[in-house]
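Trainee:
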Amino acid sequence: MAARTATISRKTNETQIEVSINLDCTPGSQNAQVIEISTGIGFLDHMYHALAKHGGMSLTMKCKGDLWIDDHHTADDAIALGTAFKQALGEVRGIRRYGTGFAPLDEALSRAVIDICSRPYCVTDLGLKREKIGDLSTEMIPHIFYSFAIASGVTLHVDVIRGDNDHHRSESAFKALALAIKQAIERTGGDDIPSTKGVL
Numbered sequence: 031m032a033a034r035t036a037t038i039s040r041k042t043n044e045t046q047i048e049v050s051i052n053l054d055c056t057p058g059s060q061n062a063q064v065i066e067i068s069t070g071i072g073f074l075d076h077m078y079h080a081l082a083k084h085g086g087m088s089l090t091m092k093c094k095g096d097l098w099i100d101d102h103h104t105a106d107d108a109i110a111l112g113t114a115f116k117q118a119l120g121e122v123r124g125i126r127r128y129g130t131g132f133a134p135l136d137e138a139l140s141r142a143v144i145d146i147c148s149r150p151y152c153v154t155d156l157g158l159k160r161e162k163i164g165d166l167s168t169e170m171i172p173h174i175f176y177s178f179a180i181a182s183g184v185t186l187h188v189d190v191i192r193g194d195n196d197h198h199r200s201e202s203a204f205k206a207l208a209l210a211i212k213q214a215i216e217r218t219g220g221d222d223i224p225s226t227k228g229v230l
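Below, the structure written as structure tokens:
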């Protein structure tokens with residue numbers, strides 16, 4: 031079975047980021063799961079760590095951004111994560127394609143639905159009320175999902191169904207996405223393209 035891995039670098043006047051990903055590090059896969067995240071934004075590191083851990087992925091991400099301005103450009107580099115994900119996955123063949131994840135965190139409950147279809151689209155309804163969680167602006171959290179979806183070429187819906195605490199709401203959303211991704215990229219054992227069109 032071909033390894034589903036990728037390493038990319040992205041450098042702009044605003045950020046410098048390196049991302050390495052291995053999609054096949056679930057327990058029993060014989061691939062050790064390695065997660066090393068350093069974006070300069072603690073809460074963002076926490077969210078990406080949860081995404082990788084519960085998605086069964088190894089993820090190394092190192093980002094140096096212009097945080098003296100604000101967090102926007104660093105958080106927007108979910109583009110790099112989406113690009114690495116798409117590259118690692120390769121041709122959409124022999125996978126389930128669709129994935130759904132529900133994740134609770136105490137009083138919060140989130141749902142994520144993903145379609146790996148080369149039709150990038152993103153809808154989020156997170157209902158966040160705080161201006162910031164740690165050093166991450168809450169307005170950037172739906173933007174992270176959007177940037178990932180567009181760069182990876184997936185259709186993505188993420189909804190927080192209920193919850194009072196914005197940390198819990200956000201973390202449950204990332205964990206729900208992790209579970210949805212894990213399901214969607216699962217190998218079926220076949221080699222078919224999961225589309226009536228015959229191409230994705």
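Final position of the sequence shown in my numbering is 230; the numbers increase by one with none missing.
Beta carbons are placed, not taken as given, at the ideal position from N, Cα and C, and that holds for glycine.
#1: Here's the rule I'm using: 16 or more other beta-carbon atoms within 10 Å means buried, otherwise exposed. How should E137 be labelled?
#2: Excluding five sequence neighbours on each side, which residues of the same chain lie with their C-beta closer than 8 Å to the C-beta of C55?
#3: Could you tell me if E201 is buried or exposed, where buried requires 16 or more neighbouring beta carbons within 10 angstroms of its beta carbon?
#4: Between D106 and the rest of its own chain, which residues show a CB-CB distance below 6 Å, the 5 nearest in sequence each way excluded?
#5: For A110 versus R40, is the C-beta distance shorter than 8 Å?
#6: Within 10 angstroms of the Cβ of N52, are there 16 or more other Cβ atoms? Answer buried if so, exposed if not.
#7: Start and end of the beta strand (DSSP E) containing P134?
#8: So what's K162 in DSSP terms, helix, strand or just coil?
#9: So what does DSSP say about K41, is it helix, strand or coil?
#10: Kindly provide the ranges of any beta strand (DSSP E) runs that are 3 or more residues long and lie completely inside the region 69–138, ordered along the chain.
#11: Alpha carbon to alpha carbon, what distance is there between Y128 and I146?
#12: Apply the 10 Å Cβ neighbour rule to R184 and answer buried if 16 or more other Cβ atoms are within range, or exposed otherwise.
#13: Using beta-carbon positions only, say whether G112 and I211 come within less than 8 Å of one another.
Mentor: Here's the rundown:
#1: exposed
#2: N61, A62, Q63, V64, G86, M87, S88
#3: buried
#4: S177
#5: yes
#6: buried
#7: 128–135
#8: strand
#9: strand
#10: 88–95, 128–135
#11: 7 Å
#12: Residue identity differs from the one stated: residue 184 is Val in this sequence, not Arg. Counting Cβ neighbours within 10 Å, V184 comes out buried, since at least 16 surround it.
#13: no
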